[in-house]
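Residue numbers (full-length UniProt numbering): 1 to 333.
Down below is the structure, laid out as structure tokens.
Encoded structure:
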């Protein structure tokens with residue numbers, strides 16, 4: 001197995017699991033840390049002592065000739081990370097070089113070496129923003145950002161380019177847990193510091209998946225025969241509202257629910273004020289219309305297909321008391 005992006009957030013977690021089940025080589029700009037079996041500590045070994053690593057910047061370098069020797073499975077996790085503050089139209093060329101050019105280069109090398117299966121890590125950002133319902137894999141795509149657009153174009157190359165006999169695409173929802181400090185972790189820290197407003201129930205639905213469950217989905221995509229040629233959404237199967245997440249984080253911190261909430265109208269007014277401040281200073285304000293959209297908007301996706309076809313079962317969810325497709329449960333309200 002060859003893994004790209006093995007030093008990234010998802011890649012480093014997957015590498016640890018994959019090494020227990022496969023003979024693994026990695027390809028990337030930096031060598032993954034490896035654990036010293038005697039010391040139990042991570043250490044990066046010299047390249048001369050680490051034949052399983054091939055240095056390569058996919059955006060600029062050719063694929064090393066021997067990197068794919070004897071490889072039957074490629075797990076392609078490398079790519080330009082999604083910027084949380086990304087706006088439509090920004091950094092298009094950078095995304096294209098890394099996500100599109102790098103993927104095409106890897107696919108061509110995989111074809112030349114007779115690789116059987118390639119798993120491509122994509123994103124639910126290929127779907128339209130703020131969908132009014134929970135979307136499955138048959139929903140029309142409509143990405144609004146360079147990140148989503150280039151991921152969708154790369155999906156087309158992987159699935160229909162004829163490079164490998166068994167292409168697989170996994171569209172991950174927002175991943176949380178592990179070492180990363182994402183939106184959920186930032187929200188928890190803001191609540192801990194009493195810097196997060198008491199928000200009302202917006203009636204929205206959002207999806208997440210824990211890093212451990214994302215790794216399990218990758219393992220299933222590697223070994224399950226029904227994965228070949230398919231696209232799968234990857235979520236924990238338990239969409240939640242922002243209010244429910246807020247209340248669950250309060251409970252985690254042993255804090256009671258607030259007795260009052262800020263009305264949505266007031267939040268919209270504050271967001272417009274933030275827009276104006278952002279224009280004046282030439283930089284986004286901490287709270288603006290984009291931030292409000294992330295709080296109030298929908299981003300819920302069905303994982304029924306991967307559950308049905310590959311037997312994927314999430315062992316943990318972002319909050320308890322919610323099942324896929326169901327309405328809000330009582331979570332401290």
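Beta carbons: idealized from backbone N, C-alpha and C, even for Gly.
Quick caveat, the model's predicted, so the values are computed rather than measured.
- Of the other Cβ atoms in all chains shown, 16 or more fall within 10 Å of the Cβ of residue 236; this residue is therefore buried.
- When DSSP states are grouped into helix, strand and coil, residue 115 belongs to the coil group.
- Counting only runs of at least 4 residues, the region 201 to 269 fully encloses the following alpha helix (DSSP H) elements, listed from N- to C-terminal order: 211 to 223 and 242 to 252.
- Linking residue 9 to residue 179 through their CA atoms gives a straight-line distance of about 7 Å.
- Annotation: residue 201 to residue 156 spans about 38 Å, alpha carbon to alpha carbon.
- For the pair residue 30 and residue 214, the Cα-to-Cα distance works out to about 22 Å.
- Excluding the 5 residues flanking it on each side, residue 101 has same chain C-beta neighbours closer than 8 Å at 58 and 59, in chain order.
- DSSP places residue 14 in the uninterrupted alpha helix (DSSP H) bounded by 9 to 18.
- Contact check for residue 300 against residue 98 fails: the beta carbons are separated by 7 Å or more.
- Within a 10 Å sphere around the beta-carbon of residue 262 sit fewer than 16 other beta-carbons, which makes this residue exposed.
- A contact is defined here as three or more CB-CB pairs under 8 Å, and the region 218 to 231 fails this definition with respect to the region 291 to 298.
- Sequence-distant partners of residue 113 (beyond 5 residues in either direction) whose C-beta falls short of 8 Å from its own C-beta, in its chain, are 68, 69 and 71.
- In this structure, residue 110 sits near residue 74, with a CB-CB distance shorter than 7 Å.
- Excluding the 5 residues flanking it on each side, residue 126 has same chain C-beta neighbours closer than 6 Å at 141, 143, 148, 151 and 152, in chain order.
- Per the coordinates, the alpha-carbon of residue 248 lies some 16 Å from the alpha-carbon of residue 203.
- Around the beta carbon of residue 244, 16 or more other beta carbons lie within 10 angstroms, which makes this residue buried.
- In its chain, beyond the 5 residues on either side, 191 have a beta carbon closer than 8 Å to the beta carbon of residue 255.
- Note: residue 3 is bridge-paired with 26 and 75 in the DSSP secondary-structure output.
- Following the DSSP letters along the chain, one finds residue 185 inside the alpha helix (DSSP H) bounded by residues 183 to 192.
- Per DSSP, the continuous alpha helix (DSSP H) segment holding residue 93 begins and ends at 92 to 95.
- Between residue 95 and residue 105, the C-beta gap is not smaller than 7 Å, which leaves the two residues out of contact.
- Where residue 171 is concerned, there is no enclosing alpha helix (DSSP H), although the beta strand (DSSP E) around it starts and stops at 166 to 172.
- In the DSSP assignment, residue 146 falls within the alpha helix (DSSP H) that extends over 146 to 160.
- DSSP, read as helix, strand or coil, puts residue 123 in strand.
- The three-state secondary structure of residue 310, taken from DSSP, is helix.
- C-alpha of residue 78 to C-alpha of residue 278: approximately 32 Å in a straight line.
- In this structure, residue 226 places its C-beta atom within 7 Å of the C-beta atom of residue 309.
- In the structure shown, the three-state DSSP call for residue 135 is strand.
- Rounded to the nearest whole angstrom, the C-alpha separation of residue 56 and residue 15 is 17 Å.
- Here the C-alpha atom of residue 228 lies approximately 15 Å from the C-alpha atom of residue 312.
- Residue 299 is bridged by DSSP to 206.
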